[in-house]
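Down below is the structure, laid out as structure tokens.
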Amino acid sequence: MTPRQKLHFGEALGGDPTHRPLSRARVGLTGDFRTRPRVRPRRLRETPALRRLVSETRLDPADLVLPIFVREGVSEPIPIASMPGVVQHSLDSVKQAVTDAASAGVGGVMLFGVPEVRDAVGSGATDPNGILNVATRVVADEVGDALVVQTDLCLDEFTDHGHCGVLDPLGRVDNDATLERDREMALVQAASGSQLLGLSGMMDGQVTAVRDALDGAGFTHTAVLAYSAKYASAFYGPFRDAVESTLEGDRRTYQLDPGNRREGLREAMIDIDEGADVVMVKPAGSYLDVLADVAAASDVPVWAYQVSGEYAMIEAAAMHGWIDRRRAVVESVRAIRRAGADAVLTYWASELAGWIREGIE
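The following block contains the structure:
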């Protein structure tokens, strides 16, 4: 087609015979525009508001649980050296701590007792006047239904050997004898006002034992949180300072091998079959793969515990100026939620809840 023919062809189609196609220079294009990306994920990262709108993982104060230590025989809070910012509360100071948590919108508190006297069978755990049970009544009276009052159901804080169970004559943890103590603890904690019992001893059959005991005594409304995938971790060190536990030996015969992923899922499925209302992975940060597995398979809520060692590492690095403390805290908890946790136990719960309300990136 000649230039004249092209001109007549354009006129026949109703076009302007004087029109010239726009050149790249005339529209401000440089380079070869055909090589420019059409798909640009960065478009959704342009502003804070846009990033919030498309965020896949959100943090909410109601999804946080604050672990709290209550020590017997003290009149004021005692700082825990290996956990900067965390204290052993008195029965008086714990009231303000739980009130602050409730005001911040935190979903619950998990109470741990620190007794003055320990013995081989952890007698203080089942004494209605033992520190954990007294603290439970104090906290339940203070906050009512403003948040969920939870208690740690394990002998380790109350035994003089530091294990989570009763020992046999050879010094081994006796699984079935420990279940009897678990049943007794469950009834005392439920009667004291605990709404959710945290079974952290890792005994075989502990969920069945506790559920049957609760139901048999009429505590059908009391829920069971199973520490299902609790690993024999190096990250528990500061916690043992917090509860002043002197462990003899280790817990590898009942806690999980850190190298085992499938076993974590298996333990969770067993606990669900036994009637657990909630299952948990502990620690959280080093076991996000296990957490994701359990979350994908579970039909009950799945929680994770950001343990004392995880807390201490971030606090120590932040104190040296090596990391941005606030950003590191938010990122670490968000990662746990992203992996599948419906709720996170974290020592930053109240502080983080405040940041969330202020608005966080």
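In case it helps, the numbering used here puts the sequence shown at residues -2 to 358. Built from N, CA and C at the ideal position, the CB exists for glycine as well. None of these values were measured; they are calculated from a predicted model.
1. Under 8 Å between the Cβ atoms of Ser191 and Ala239?
2. Quick one: residues in its chain with C-beta nearer than 6 Å to the C-beta of Ser359, no 5 flanking neighbours on either side, listed in chain order?
3. Within 10 Å of its beta-carbon, does Met200 have 16 or more other beta-carbons around it, so buried, or fewer, so exposed?
4. Going by CA-CA distance only, name the one from Arg180, Phe155 and Val207 that's closest to Gly127.
5. DSSP puts Gly110 in a beta bridge; with which residues?
6. Please go through the same chain and pick out, in chain order, the residues whose beta-carbon is closer than 7 Å to the beta-carbon of Tyr233, but skip the five residues on each side of it.
7. Can you check whether the C-beta of Ile267 is within less than 8 Å of a C-beta belonging to chain D?
8. Counting along the chain, where does the beta strand (DSSP E) carrying Met199 start and finish?
9. Consult DSSP for Trp300 and reduce its assignment to one of helix, strand or coil.
10. Where Arg249 and Asn257 are concerned, what is the direct C-alpha to C-alpha distance, given to the nearest angstrom?
11. Can you grab the Cα-Cα spacing for the pair Leu359 / Arg37, in whole Å?
12. So, are the CB atoms of Leu150 and Met182 less than 8 Å apart?
13. Pull up the distance between the alpha-carbon of Ala346 and that of Thr175, whole angstroms please.
14. Classify Ala174 as helix, strand or coil using the three-state DSSP reduction.
15. If you follow the beta strand (DSSP E) that Val131 is in, where does it begin and where does it stop?
16. One question on the structure: do Val170 and Glu271 come within less than 8 Å of each other, judged by their Cβ atoms?
17. Which residues in the same chain have their Cβ closer than 8 Å to the Cβ of Arg134, if we skip the five residues on either side of it in sequence?
18. Applying the criterion that 16 or more other CB atoms from any shown protein chain within 10 Å of the CB defines a buried residue, is Ala294 buried or exposed?
19. Measure the Cβ-Cβ separation of Met277 and Tyr224 and say whether it is below 8 Å.
20. When you compare only the Cα positions, how much space is there between Met310 and Val136?
21. Between the alpha carbons of Arg237 and Gly195, how many angstroms are there, rounded?
22. Relative to the C-alpha of Pro125, which candidate in Gln186, Gly337, Leu152 and Val84 has its C-alpha closest?
23. If you compare alpha carbons, which of Val111, Val103, Asp274 and Glu348 is closest to Arg68?
24. Taking only the alpha-carbon atoms, compute the straight-line gap between Ala315 and Ala273 and give it to the nearest angstrom.
25. Which whole-angstrom value describes the C-beta separation of Gly159 and Asp165, a residue pair presumed to lie in contact below a C-beta threshold of 8 Å?
26. Excluding sequence positions up to five away, which residues of its chain have a Cβ less than 7 Å from the Cβ of Ser90?
27. For the putative contact between Gly70 and Glu113, defined by C-beta atoms under 8 Å, what is the C-beta separation to the nearest angstrom?
28. Is the distance from the Cβ of Tyr302 to the Cβ of Tyr228 below 8 Å?
29. Of the residues Ala132, Val287, Asp339 and Ala226, which one's Cα is nearest the Cα of Ile267?
30. Note down the Cα distance separating Gly82 from Pro76, rounded to an integer number of angstroms.
31. To the nearest angstrom, report how far apart Leu4 and Pro34 are at their CA atoms.
32. Between which residues of its own chain and Gly351 is the CB-CB distance below 8 Å, once the five residues before and five after are set aside?
33. Cβ of Leu129 within 8 Å of Cβ of Ile65?
34. If you measure between the beta carbons of Arg334 and Thr54, is that distance less than 8 Å?
35. Exposed or buried, what is Glu8 when buried is set at 16 or more other beta-carbons lying within 10 Å of its beta-carbon?
36. Confirm, please, whether the CB-CB distance from Leu262 to Ala338 is below 8 Å.
By the coordinates alone:
1. Taking the sequence shown and counting its residues from 1, one reaches residue 191 at position 194. Taking the sequence shown and counting its residues from 1, one reaches residue 239 at position 242. No, these two residues do not count as a Cβ contact at 8 Å.
2. Since the first residue shown for the chain is -2 and the last is 358, residue 359 is missing from the structure and cannot be characterised.
3. Within the sequence shown, the letter at position 203 stands for residue 200. It counts as buried.
4. Here residue 127 corresponds to residue number 130 of the sequence shown, with the count starting at 1. Comparing Cα positions, the closest option is Phe155.
5. One-based indexing of the sequence shown puts residue 110 at position 113. In the DSSP output, where bridge partners are listed per residue, Gly110 has Val67.
6. As a position in the sequence shown, residue 233 is number 236, starting the count at 1. The answer, listed in chain order, is Val304, Ser305 and Gly306.
7. Structure shown: chain D not included; a single protein chain is present.
8. What you label residue 199 is simply residue 202 of the sequence shown in a count that begins at 1. Met199 -> no beta strand (DSSP E), and no H or E assigned at all.
9. Taking the sequence shown and counting its residues from 1, one reaches residue 300 at position 303. When secondary structure is reduced to three states using DSSP, Trp300 falls in the strand class.
10. For this step, residue 249 is matched to residue 252 along the sequence shown. For this step, residue 257 is matched to residue 260 along the sequence shown. Looking at the backbone, the Cα of Arg249 and that of Asn257 are separated by about 12 Å.
11. Residue numbering for the chain in the displayed model covers -2 to 358; residue 359 lies beyond these limits and cannot be assessed.
12. Residue 150 sits at position 153 when you count from the first residue of the sequence shown. Residue 182 sits at position 185 when you count from the first residue of the sequence shown. Taking 8 Å as the Cβ cut-off, Leu150 and Met182 qualify as a contacting pair.
13. If you number the sequence shown from 1, residue 346 lands on position 349. If you number the sequence shown from 1, residue 175 lands on position 178. Computed Cα separation, rounded: 32 Å.
14. One-based indexing of the sequence shown puts residue 174 at position 177. DSSP places Ala174 in helix when its eight states are reduced to three.
15. Residue 131 sits at position 134 when you count from the first residue of the sequence shown. Note, Val131: premise wrong, no beta strand (DSSP E); alpha helix (DSSP H) at Ile128 to Val140.
16. For the purposes of this step, residue 170 is taken as the residue at position 173 of the sequence shown. For the purposes of this step, residue 271 is taken as the residue at position 274 of the sequence shown. Result no, Cβ atoms of Val170 and Glu271 do not sit closer than 8 Å.
17. Translated into positions along the sequence shown, residue 134 becomes position 137. Ser189 and Gly190, listed in sequence order.
18. Within the sequence shown, numbered from 1, the residue matching residue 294 stands at position 297. Ala294 comes out exposed.
19. On the sequence shown, position 280 is the one that residue 277 refers to. On the sequence shown, position 227 is the one that residue 224 refers to. Yes, the pair counts as a contact, with Cβ atoms nearer than the cut-off.
20. Along the sequence shown, one-based indexing puts residue 310 at 313. Along the sequence shown, one-based indexing puts residue 136 at 139. So the alpha carbons of these two residues sit roughly 29 Å apart.
21. Position 240 of the sequence shown holds residue 237. Position 198 of the sequence shown holds residue 195. If you take the alpha carbons of Arg237 and Gly195, they lie about 17 Å apart.
22. Counted from its first residue, the sequence shown places residue 125 at position 128. The candidate whose alpha carbon is nearest that of Pro125 is Gln186.
23. Taking the first residue of the sequence shown as position 1, residue 68 is located at position 71. Cα-wise, what sits closest to Arg68 is Val111.
24. Here the question's residue 315 lines up with position 318 in the sequence shown. Here the question's residue 273 lines up with position 276 in the sequence shown. Approximately 37 Å between the Cα atoms of the pair.
25. Within the sequence shown, numbered from 1, the residue matching residue 159 stands at position 162. Within the sequence shown, numbered from 1, the residue matching residue 165 stands at position 168. A Cβ-Cβ distance of about 16 Å is found for the pair Gly159 and Asp165, leaving them out of contact under the 8 Å criterion.
26. Here residue 90 is taken as the residue at index 93 of the sequence shown, counted from 1. Cβ within range, chain order: Glu73 and Pro74.
27. The sequence position of residue 70 within the sequence shown is 73, counting from 1. The sequence position of residue 113 within the sequence shown is 116, counting from 1. That belief holds up - the Cβ atoms of Gly70 and Glu113 are roughly 5 Å apart, short of 8 Å.
28. In the sequence shown, counting from the first residue as 1, residue 302 sits at position 305. In the sequence shown, counting from the first residue as 1, residue 228 sits at position 231. Taking 8 Å as the Cβ cut-off, Tyr302 and Tyr228 do not qualify as a contacting pair.
29. For this step, residue 267 is matched to residue 270 along the sequence shown. With distances taken between Cα atoms, Ile267 lies closest to Ala226.
30. Looking up residue 82 in the sequence shown gives position 85. Looking up residue 76 in the sequence shown gives position 79. Roughly 7 Å separates the two Cα atoms.
31. To locate residue 4, count along the sequence shown from 1; it is residue 7. To locate residue 34, count along the sequence shown from 1; it is residue 37. Only weak support is given to the placement of Leu4: the predicted model assigns it a pLDDT of 46, under 50, and the value that follows is read from those uncertain coordinates. Leu4 and Pro34: Cα-Cα distance of roughly 35 Å.
32. Locating residue 351 in the sequence shown gives position 354, where the first residue counts as 1. The residues are Ala101.
33. Taking the first residue of the sequence shown as position 1, residue 129 is located at position 132. Taking the first residue of the sequence shown as position 1, residue 65 is located at position 68. No, they are not a contact pair.
34. By one-based count along the sequence shown, residue 334 stands at place 337. By one-based count along the sequence shown, residue 54 stands at place 57. With contacts defined as CB atoms closer than 8 Å, Arg334 and Thr54 qualify as a contacting pair.
35. Residue 8 sits at position 11 when you count from the first residue of the sequence shown. With a pLDDT of only 49 at Glu8, under 50, the local geometry of the prediction cannot be trusted, and no value is derived from it.
36. For the purposes of this step, residue 338 is taken as residue 341 along the sequence shown, with counting starting at 1. For the purposes of this step, residue 262 is taken as residue 265 along the sequence shown, with counting starting at 1. Against a cut-off of 8 Å, the Cβ pair of Leu262 and Ala338 comes out as no contact.
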